[in-house]
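Protein chains: 2
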Amino acid sequence: MTNLPAEQTQVLLAAKPEGQLQESHFEVRHAPLPEVEEGYVLVRSLLLSQDAANRAWMQGATYKSAVEVGDVMHGYAIGEVVEARGGGFEPGDIVAGELGWQEYASMPATHLARCPDHRPLSQLMSILGIAGKTAYHGLLNVPGIEEGETLLVSAAGGSVGSIVGQIGKIKGAHVVGIAGGPEKCAWITDELGFDSCIDYKNTDVSKTIRQHCPKGVDVYFDNVGGPILQAALFAMNLKGRISCCGAVSQYDSASPQSPAGIPGLIVVKRLRMEGFIVMDFVDQDAQAEADLKQWAADGQIKVAEDIIDGIENAPKGLIGLLAGDNRGKRMIRVAAE
Amino acid sequence: MTNLPAEQTQVLLAAKPEGQLQESHFEVRHAPLPEVEEGYVLVRSLLLSQDAANRAWMQGATYKSAVEVGDVMHGYAIGEVVEARGGGFEPGDIVAGELGWQEYASMPATHLARCPDHRPLSQLMSILGIAGKTAYHGLLNVPGIEEGETLLVSAAGGSVGSIVGQIGKIKGAHVVGIAGGPEKCAWITDELGFDSCIDYKNTDVSKTIRQHCPKGVDVYFDNVGGPILQAALFAMNLKGRISCCGAVSQYDSASPQSPAGIPGLIVVKRLRMEGFIVMDFVDQDAQAEADLKQWAADGQIKVAEDIIDGIENAPKGLIGLLAGDNRGKRMIRVAAE
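Chains A and B supply the protein sequences, listed in that same order.
Take the first sequence: its letter number 269 is residue 363 in the numbering used here, and every next letter is one higher.
Take the second sequence: its letter number 219 is residue 313 in the numbering used here, and every next letter is one higher.
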């Protein structure tokens with residue numbers, strides 16, 4: 095068991111952002127460690143996940159309740175039990191849950207999940223975590239992908255997109271990414287093995303999409319919404335499928351904009367657009383984990399992780415994530431194991 | 095065989111509409127009867143279908159090529175063979191095909207389908223025709239509907255919507271229509287048996303939808319797009335399904351408008367939006383026809399038909415259809431049988 099400090103660092107939401115998220119929307123403060131009531135478990139955070147959805151939670155209730163001004167920022171983290179008053183946990187156990195943006199959290203034991211015995215722990219957040227499972231279920235159990243089909247993936251350098259494209263390659267698809275900047279695009283093709291990558295920061299996606307997808311788009315995995323979704327809609331083949339995973343282009347905007355052609359293009363092309371969240375497929379997680387573990391182990395998937403040290407850097411990390419700075423799964427190393 | 099006249103009446107597209115369709119966009123003219131070449135069949139039109147899709151064809155290619163200025167308006171019709179030079183047809187045979195807005199058409203025999211032996215012929219356009227099959231497949235084979243679910247149907251007094259809602263009732267759903275005007279809404283509940291109907295011309299659908307659908311919307315059958323699709327999106331339950339059948343509110347507009355919340359609402363509520371056209375389900379037509387025939391015969395479905403006499407009234411008929419004047423399947427009686 096770790097020696098406990100008197101104080102910890104927390105990051106609070108200081109103001110509701112309207113438009114672009116900035117560091118001034120957060121407050122870093124020091125606070126006493128929480129009391130550990132009966133039935134609760136004190137957890138020392140090790141790795142904090144950073145996700146575009148963190149931004150969406152500031153806008154209002156989504157699939158979870160909204161984060162309000164004065165709240166410790168919500169966030170999913172992996173940590174180590176330091177004191178347990180219920181749930182059969184013991185100091186040293188590795189657990190995961192909504193620990194928030196703080197070094198220590200006192201959580202109801204029922205709100206914690208025991209982590210599988212796997213190292214590095216970071217892979218429980220990337221390939222074997224929500225990112226990997228979101229990619230797996232969101233591609234294979236929503237639109238599906240067949241050999242020879244064209245798969246288009248936005249936010250292709252992100253935690254989910256980087257895995258979606260690699261699964262697409264394993265399944266024999268022609269895989270085209272969309273990402274920002276020539277270096278990132280080169281990394282996506284050269285390192286991750288996508289067939290090509292569209293640089294949305296330096297080209298007009300609606301004009302270049304046809305060069306990259308000469309046979310049109312059969313499956314579009316949408317992480318971004320907005321103008322890129324619109325470009326994809328116009329390039330979709332008849333009976334194309336769109337997996338709606340997220341809308342990162344919209345979360346950080348005061349005036350979200352729906353793509354043109356809804357529902358006209360859906361009718362005329364007989365498209366299917368379908369949203370999902372990873373929890374919808376919990377009964378198929380075992381298969382997902384087994385496949386992802388195997389693919390990572392034998393090198394068919396390169397695991398891309400982007401780890402930043404220190405809880406005080408979480409605001410900067412999220413702001414950068416929303417701007418597309420990250421390569422693969424971004425997380426904050428709150429403490430060494 | 096009918097005595098053939100020297101001339102016939104045709105309706106041409108005289109100008110491409112931008113915005114609302116008007117009679118001035120059409121030209122009614124008299125023309126000699128066409129020659130009947132080898133392999134062709136001369137057909138005397140009896141019943142001409144009027145469909146919102148007729149308007150969409152003026153905007154450009156959809157699932158069929160666009161209708162251009164100077165063309166006889168495209169349209170699906172049932173007629174009687176008067177002269178046959180191929181295809182094994184004989185005078186008196188009842189056939190269907192893209193005969194257009196005219197009294198007589200000379201068609202390649204391969205472009206004609208023999209109609210089943212059924213009277214009244216109008217039912218081959220309503221309950222047993224494209225309208226009925228569109229309703230059947232578009233409800234049962236796209237989103238599906240379960241007992242106790244809430245089904246919302248726009249253009250509920252139209253050719254397709256009137257049948258969708260009645261199929262929903264047969265399947266045990268709580269069925270809510272959307273239509274224009276108190277008389278039409280009363281007809282939809284009292285005559286067609288919907289549980290309730292929202293009058294979009296006199297109430298704000300986004301505000302009243304919750305009163306009519308207190309448990310939210312599980313399945314929305316969308317014939318209209320636009321603000322009503324938007325209201326439905328906000329009222330959808332988690333994992334709700336939207337069957338995208340048409341977008342009549344958009345066809346007659348110079349500036350179509352996508353609903354807000356795409357893809358945000360699709361992600362957060364895990365919705366499925368899916369487009370279809372009736373031809374996608376041709377392999378399941380036999381089942382559809384058998385069920386629809388049975389339901390009509392035993393009175394579980396009331397067949398609503400709205401028949402206007404005279405090909406010269408086709409422009410007025412279509413304009414009225416786009417404004418929602420019709421009750422049930424609108425068609426033009428081009429000639430008596």
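From the three backbone atoms N, C-alpha and C, an ideal C-beta is built for every residue, glycine too.
Bounding residues of the beta strand (DSSP E) (the contiguous stretch that carries residue i)
{"i": "Ala143 of chain B", "result": "The sequence shown places Ser at residue 143 of chain B, rather than the Ala named in the question. Ser143 of chain B -> beta strand (DSSP E) spans 134–143."}
{"i": "Pro126 of chain B", "result": "120–126"}
{"i": "Asp487 of chain B", "result": "In the structure displayed, chain B extends from 95 to 431; residue 487 of chain B sits before or after that span and is not available."}
{"i": "Lys423 of chain B", "result": "423–427"}
CB-CB length for residue i against residue j, believed under 8 Å
{"i": "Tyr328 of chain B", "j": "Ser300 of chain B", "result": "First, the amino acid is wrong: residue 328 of chain B is Phe here, not Tyr. About 7 Å; that satisfies the 8 Å criterion."}
{"i": "Ser143 of chain B", "j": "Gly173 of chain B", "result": "Contact doesn't hold; Cβ gap of about 12 Å is too wide."}
{"i": "Lys265 of chain B", "j": "Gly287 of chain B", "result": "The Cβ separation is near 13 Å, so there is no contact."}
{"i": "Pro409 of chain B", "j": "Phe120 of chain B", "result": "4 Å"}
{"i": "Arg304 of chain B", "j": "Arg335 of chain B", "result": "Not really, about 19 Å apart at Cβ, beyond 8 Å."}
{"i": "Leu234 of chain A", "j": "Ile272 of chain A", "result": "Not quite, the Cβ-Cβ distance comes to about 20 Å (not below 8 Å), so this is no contact."}
{"i": "Ile282 of chain B", "j": "Pro353 of chain A", "result": "Contact flag wrong, Cβ pair sits at about 33 Å."}
{"i": "Tyr294 of chain B", "j": "Ile322 of chain B", "result": "6 Å"}
{"i": "Ala203 of chain B", "j": "Val135 of chain B", "result": "5 Å"}
{"i": "Met201 of chain A", "j": "Met425 of chain A", "result": "Their Cβ separation, rounded to whole angstroms, is 19 Å, which puts Met201 of chain A and Met425 of chain A out of contact at 8 Å."}
{"i": "Leu386 of chain B", "j": "Leu115 of chain B", "result": "Incorrect: roughly 30 Å between the Cβ atoms, too far for contact."}
Selected residue, minimal CA-CA separation from residue i, among the options
{"i": "Leu193 of chain B", "options": "B:Pro128, B:Ala382, B:Ala108, B:Ile257", "result": "B:Pro128"}
{"i": "Ala430 of chain B", "options": "B:Ala417, B:Asp419, B:Arg424, B:Asp403", "result": "B:Asp403"}
{"i": "Glu368 of chain B", "options": "B:Ile322, B:Gly355, B:Val313", "result": "B:Val313"}
{"i": "Ala249 of chain A", "options": "A:Ile405, A:Leu106, A:Gly259, A:Leu386", "result": "A:Gly259"}
{"i": "Val342 of chain B", "options": "B:Ala391, B:Glu243, B:Gly414", "result": "B:Gly414"}
{"i": "Ser139 of chain A", "options": "A:Pro353, A:Ile292, A:Ala190", "result": "A:Ala190"}
{"i": "Tyr198 of chain A", "options": "A:Ser159, A:Leu215, A:Ala178", "result": "A:Ala178"}
{"i": "Val428 of chain B", "options": "B:Thr103, B:Thr283, B:Ile221", "result": "B:Thr103"}
{"i": "Val161 of chain A", "options": "A:Leu106, A:Ile401, A:His268, A:Ile395", "result": "A:Leu106"}
{"i": "Asp145 of chain A", "options": "A:His306, A:Glu131, A:Cys339, A:Pro126", "result": "A:Cys339"}
{"i": "Ser349 of chain B", "options": "B:Glu112, B:Glu101, B:Lys295", "result": "B:Glu112"}
{"i": "Ile188 of chain B", "options": "B:Thr228, B:Asn317, B:Asp211", "result": "B:Asp211"}
{"i": "Ala225 of chain B", "options": "B:Ala147, B:Gln116, B:Arg364, B:Gly358", "result": "B:Ala147"}
{"i": "Val362 of chain A", "options": "A:Asn331, A:Leu98, A:Lys387, A:Ile371", "result": "A:Asn331"}
{"i": "Glu132 of chain A", "options": "A:Gly180, A:Arg149, A:Val163", "result": "A:Gly180"}
{"i": "Ala125 of chain A", "options": "A:Ala150, A:Gln153, A:Gly186, A:Gln196", "result": "A:Gln196"}
Any C-beta of chain A under 8 Å from that of residue i
{"i": "Ala144 of chain B", "result": "The sequence given here has Gln at residue 144 of chain B, not Ala. False, the Cβ-Cβ gap to chain A never drops below 8 Å."}
{"i": "Ala109 of chain B", "result": "no"}
{"i": "Arg208 of chain B", "result": "no"}
{"i": "Gln344 of chain B", "result": "yes"}
{"i": "Ile356 of chain B", "result": "yes"}
{"i": "Lys278 of chain B", "result": "no"}
{"i": "Gly382 of chain B", "result": "A small correction: the amino acid at residue 382 of chain B is Ala; Gly does not occupy that position in the sequence shown. Chain A, which has no Cβ nearer than 8 Å to the Cβ of Ala382 of chain B, makes this no."}
{"i": "Ile261 of chain B", "result": "no"}
{"i": "Asp392 of chain B", "result": "no"}
{"i": "Asp374 of chain B", "result": "yes"}
{"i": "Tyr230 of chain B", "result": "no"}
{"i": "Asp316 of chain B", "result": "yes"}
{"i": "Leu140 of chain B", "result": "no"}
{"i": "Leu127 of chain B", "result": "no"}
{"i": "Leu323 of chain B", "result": "yes"}
Cutoff 8 Å: residue i Cβ touching any chain B Cβ
{"i": "Gln114 of chain A", "result": "no"}
{"i": "Phe120 of chain A", "result": "no"}
{"i": "Phe370 of chain A", "result": "yes"}
{"i": "Ala178 of chain A", "result": "no"}
{"i": "Val269 of chain A", "result": "no"}
{"i": "Val361 of chain A", "result": "yes"}
{"i": "Val428 of chain A", "result": "no"}
{"i": "Arg366 of chain A", "result": "yes"}
{"i": "Pro353 of chain A", "result": "yes"}
{"i": "Gly319 of chain A", "result": "yes"}
{"i": "Gly340 of chain A", "result": "yes"}
{"i": "Leu234 of chain A", "result": "no"}
{"i": "Leu412 of chain A", "result": "no"}
Host alpha helix (DSSP H) of residue i (start-end)
{"i": "Ser256 of chain A", "result": "255–264"}
{"i": "Gln473 of chain B", "result": "Residue 473 of chain B cannot be examined here, being either before or after the span of chain B that is shown, 95 to 431."}
{"i": "Thr103 of chain A", "result": "First-last for Thr103 of chain A: 101–107, but that is the beta strand (DSSP E), not the alpha helix (DSSP H)."}
{"i": "Glu277 of chain B", "result": "276–284"}
Below-8 Å beta-carbon distance, residue i vs any chain D residue
{"i": "Pro350 of chain B", "result": "Among the protein chains of the structure shown, namely A and B, there is no chain D."}
Query raised in the report: Where are the beta strand (DSSP E) runs, 3 residues long or more, that stay fully inside the region 301–343 of chain B, in chain order?
Result: 311–316, 330–338
Report task. Please go through the region 196–227 of chain B and give each complete beta strand (DSSP E) segment of 3 or more residues, from N-terminal end onward. Result -> 198–202
Query raised in the report: Whole beta strand (DSSP E) runs in the region 338–416 of chain A with 3 or more residues, listed along the chain?
Result: 366–369, 399–403
Report task. Tell me the start and end of each unbroken beta strand (DSSP E) in the region 158–195 of chain B that is at least 3 residues and wholly inside, in chain order. Result -> 171–178, 188–191
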